[in-house]
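Which chain is which? The protein sequence lines are B and H, in order.
Residue 161 in my numbering is what sits at position 161 of the first sequence, and the numbering runs on without skipping anything.
Residue 140 in my numbering is what sits at position 140 of the second sequence, and the numbering runs on without skipping anything.
From the three backbone atoms N, C-alpha and C, an ideal C-beta is built for every residue, glycine too.
A short worksheet on the structure shown next.
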Amino acid sequence: MRAIITLPFLWLGVFFLLPFALVLVIALGTNAPDSVPPVALGFSLKSFTLLFTDDLYLAAWLTSLRIAATSTLVALLLGYPMAYAIARAAPERRPLLLMLVVLPFWTSFLIRVYAWMGLLDENGLLNQFLRWSGLATDPGTILGTEWAVHLGIVYAYLPFMVLPLYAVLEKLDAGLLEAAADLGARPIQAFLTITLPLSLPGIVAGCLLVFIPAVGEFVIPDLLGGTETLMIGKVLWDEFFTNADWPLASAVAICLLVLLVGPIALFQRQQARSLERHL
Amino acid sequence: MSRVFISFLLAFAVVPAFGQGSVNVYNWSDYIAEDQLKAFTNDTGVKVNYTTYDSNEILDAKLRTGRSGYDVVVPTASPFFVRQLAAGLYLPLDRSKLRNWNNLDPEILAALARYDAGNAHGIPWMWGTTGIGYNVAEIRKRLPDAPVDSLRMIFDPAVVSKFKDCGVMLLDSATDVLPAALKYLGLDPDSKKTEDLAKAAGVVKAVRPFIRKFHSSEYINALAGGNICLAFGYSGDIFQARDRAAKAKDKRDIAYAIPREGSLLWIDVAAIPKDAPNPANALRFLDFLLEPKVAAASSELTGYANGNKAAFALLPKDISGNPLIYPPAAVRAKFYTITAGTSDQTRERTRLWTTVKTGR
């Protein structure tokens, strides 16, 4: 029994805490381009001060938050009806519908993003269709814009929104809605006062699962986005590979983690408390 | 592009095997004729563990982490090899073990010596230029007398603006584009002066509205697929785009031009990491690379010029006689190279480049 409980902690310790500690140690060192590895260990906050004094990092951070937030919202608006429909479908059809949500994972993420490039290109399938159908003669290009980044993120992370929502909605007692209807509530009223509040844990879980990876996303903005979309993942890449400044790259990674984990931990505590109150 | 990520995912998973009679070679993909590797093993009895990468960044990160386990690597001279050299990552070459040294092209050696004094650490493998790739038909349609062999093609707003609608891409590389912009202004392309770099940044900012994207490899597919009509990139990449476009269903004629103002010379350098497990075999392998037939066979595969003068006579005419691969002396005289600079200068340049790209 104890072994079973220890295992996840051991896992977290070895694969999360230890690497995190290493990254922190590097972040507190100074850049030493002429040594291997290029870090002089020590206790210096130089990398962190640089991060907070150069407005470029702040701008990249804000762009990342904005794009992640809008993508999460869109994913929620798309994912909720999907999850709801699956949860309300006949029980024997649910596994098939769930399978369809998960199916894209059978193909590599990278290849799916490339497929989007093929769709959104100047001469991509979308534009070919628009020209062929006569809907637009000069349709312009979505690839290389912030629209494409949003599209890519929503597409890639939608299953992470649908699955937790489904898990919650599926357990929802249909009797509650019947009771509401019996008492004269219109469907929209019943949804807003019963279904929505009860599915809140699923909404929170889904949003976190989409929002957190979206903030640090690198592949999607690099492949689908344009150059003017400066996201924090690209800044990290530049610091590590172009400038070969490991301490600064590590400092960016630490800030990314702290600035994300802080509010989320707070939010979850709040959630836990309100749950206790309800019980 | 694919290159960066796919290799990124794979690179850290591939661990070379070590052995007594072996040499661990880490090279660009498709960069040496494979049958030559067998020939090396037959000649010397040394087994070759050959692994490949697709981006300098992967190699750089591995070498900087230390104990990479490689005996021979092939970084690009600038900005990678020169930076790694400054970090003391390479063994000096024992020339007495390199019997074929004199096959090397003195001109390329002299250019490389700007990064590596006295050519003490590396031998030039393949080299090429940085220039202009374009879709012949699309350019002609929009500007029949376009100055295709001039940097005006990418830096003169009056010219670039004509091609906005068919798509323009520039390398996402401060060390390639800013020197070219300096050259365009008639300044020293190697200048590290803040005011010069600001002027160069001004040039790029002025054409930025007409640039679809800054990216260091996407232009290959984009040119070949007809999604863009103009790119500033590496000669080898644009040749690849040209070959792909020629094979495509709806044939496109892609051409390459070396800017008449001068071109940044790129050289990929074979060198031995300081912590190479088999340094003696690494030297034997380098000496093998210096054999004319090996360099010639590899040039035939890659379509790039090599740094081996003795190999020139062995090359097929379509390579040795191609002025875009082996440019004539007057064009070579205008080649330039840039030095590494300090890490503060690198940071300043990267920051400047980010502001240019993002239009801040």
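Going along the chain, which residues of its own chain have a beta-carbon closer than 6 Å to the beta-carbon of residue i, five neighbours each way excluded?
| i | result |
| --- | --- |
| L62 (chain B) | none |
| N127 (chain B) | P139 |
| A136 (chain B) | L130 |
| T194 (chain H) | none |
| T145 (chain B) | G226 |
| A205 (chain B) | P164 |
| A85 (chain B) | none |
| L125 (chain B) | L119 |
| K213 (chain H) | M169 |
| R349 (chain H) | A174 |
Which residues share a DSSP beta bridge with residue i?
| i | result |
| --- | --- |
| N227 (chain H) | N227 (chain H) pairs with nothing; no bridge assigned. |
| I123 (chain H) | H:A270 |
| S22 (chain H) | H:K47 |
| Y80 (chain B) | DSSP lists no partner for Y80 (chain B). |
| W28 (chain H) | H:Y53 |
| A241 (chain H) | Answer is none; A241 (chain H) lacks a bridge partner. |
| M169 (chain H) | H:K213, H:A231 |
| Y400 (chain H) | Because chain H here runs from 1 to 360, residue 400 (chain H) falls outside it and cannot be looked at. |
| Y336 (chain H) | H:L264 |
| V39 (chain B) | B:N31 |
| G128 (chain H) | H:W266 |
Please return the same chain residues whose Cβ sits closer than 7 Å to the Cβ of residue i, not counting the five positions on each side in sequence.
| i | result |
| --- | --- |
| C255 (chain B) | L51 |
| P263 (chain B) | none |
| L260 (chain B) | I212, V215 |
| A244 (chain B) | P33, P38 |
| A297 (chain H) | A33, Q36 |
| P259 (chain H) | G131, I132, D149, S150, L151 |
| A120 (chain H) | P92, L93 |
| F12 (chain H) | Below a pLDDT of 50, predicted positions are generally treated as unreliable, and F12 (chain H), at 44, falls in that range; the measurement from the model is reported next regardless. Closer than 7 Å at Cβ, skipping near neighbours: no residue. |
| L169 (chain B) | A83, Y84, A87, S199, G202 |
| I26 (chain B) | V39, W246, P247, S250 |
| T41 (chain H) | K47, V48 |
| E138 (chain H) | C166, C229 |
Just to check my reading of the structure: residue i and residue j have Cβ atoms closer than 8 Å, yes? What is that Cβ distance to the nearest angstrom?
| i | j | result |
| --- | --- | --- |
| V48 (chain H) | L37 (chain H) | 5 Å |
| G262 (chain H) | K183 (chain H) | 5 Å |
| T130 (chain H) | A180 (chain H) | 7 Å |
| P144 (chain H) | G307 (chain H) | So it is not a contact: roughly 38 Å between Cβ atoms. |
| L24 (chain B) | S44 (chain B) | In fact, because the Cβ distance is near 12 Å, the residues do not count as touching under 8 Å. |
| W101 (chain H) | D268 (chain H) | Actually they do not touch by this definition, with Cβ atoms about 18 Å apart. |
| G128 (chain H) | G236 (chain H) | 5 Å |
| L97 (chain B) | A89 (chain B) | 6 Å |
If I measure Cβ to Cβ from residue i and keep anything under 8 Å in the same chain, skipping five residues before and after, which residues do I get?
| i | result |
| --- | --- |
| F105 (chain B) | P159 |
| L110 (chain B) | V219 |
| V252 (chain B) | L51, Y57, I232, V235, L236, E239 |
| K309 (chain H) | N103, L104, D105, P106 |
| L286 (chain H) | V72, L93, L98, I123, A270, I272 |
| I254 (chain H) | G133, Y134, N135, V136, L223, A224, I238, A241, R242, A245, A246 |
| P16 (chain H) | Bear in mind that the predicted position of P16 (chain H) carries a pLDDT of just 44, short of 50, making it unreliable; the figure below should be weighed with that in mind. Result list for P16 (chain H): N24, Y26, N49, T51, G69, Y70, in chain order. |
| L12 (chain B) | none |
| T70 (chain B) | H150 |
| R89 (chain H) | Looking at the sequence shown, residue 89 (chain H) is not Arg but Leu. L63, R64, P273, K274, listed in sequence order. |
| F80 (chain H) | N56, L59, D60 |
| R332 (chain H) | E107 |
| Y155 (chain B) | R112, W116 |
| A60 (chain B) | L230, M231, I232, K234, V235 |
Of all Cβ atoms in chain D, is any one closer than 8 Å to the Cβ of residue i?
| i | result |
| --- | --- |
| T53 (chain B) | The chain labelled as chain D is not found among the protein chains of the depicted structure, namely B and H. |
When the Cβ atoms of the stretch 48–63 of chain H are set against those of the stretch 144–158 of chain H, are three or more pairs found closer than 8 Å? The answer is no - the stretch 144–158 of chain H does not touch the stretch 48–63 of chain H, with fewer than three Cβ pairs under 8 Å.
Threshold first: 4 residues or longer. Then list the alpha helix (DSSP H) segments lying entirely within the stretch 266–312 of chain H, N to C. 279–289, 292–302
Stretch-stretch touch, CB-based, cutoff 8 Å, three pairs: the stretch 169–177 of chain H with the stretch 270–281 of chain H: no
Take every Cβ of the stretch 177–194 of chain H, pair it with every Cβ of the stretch 116–123 of chain B, and state whether three or more of those distances are shorter than 8 Å. Touching, no.
Tell me, please, whether the stretch 144–158 of chain B touches the stretch 215–223 of chain B by the rule of three or more beta-carbon pairs shorter than 8 Å. The stretch 144–158 of chain B, when compared against the stretch 215–223 of chain B, does touch it at the 8 Å Cβ threshold.
Contained alpha helix (DSSP H) runs [length at least 4] in the stretch 35–116 of chain H, N- to C-terminal order: 56–65, 82–86, 106–112
Using 8 Å as the cut-off, can you tell me whether the stretch 330–340 of chain H makes contact with the stretch 108–124 of chain H, which would need three or more C-beta pairs spanning the two stretches below that distance? yes
Can we say the stretch 203–211 of chain B touches the stretch 71–82 of chain B, given the rule of at least three CB pairs closer than 8 Å? yes
At least 3 beta-carbon pairs within less than 8 Å: the stretch 190–201 of chain B vs the stretch 8–18 of chain B: no
I'd like the ranges of any alpha helix (DSSP H) spanning at least 4 consecutive residues and lying wholly in the stretch 117–198 of chain B. 125–133, 146–171, 174–182, 187–190
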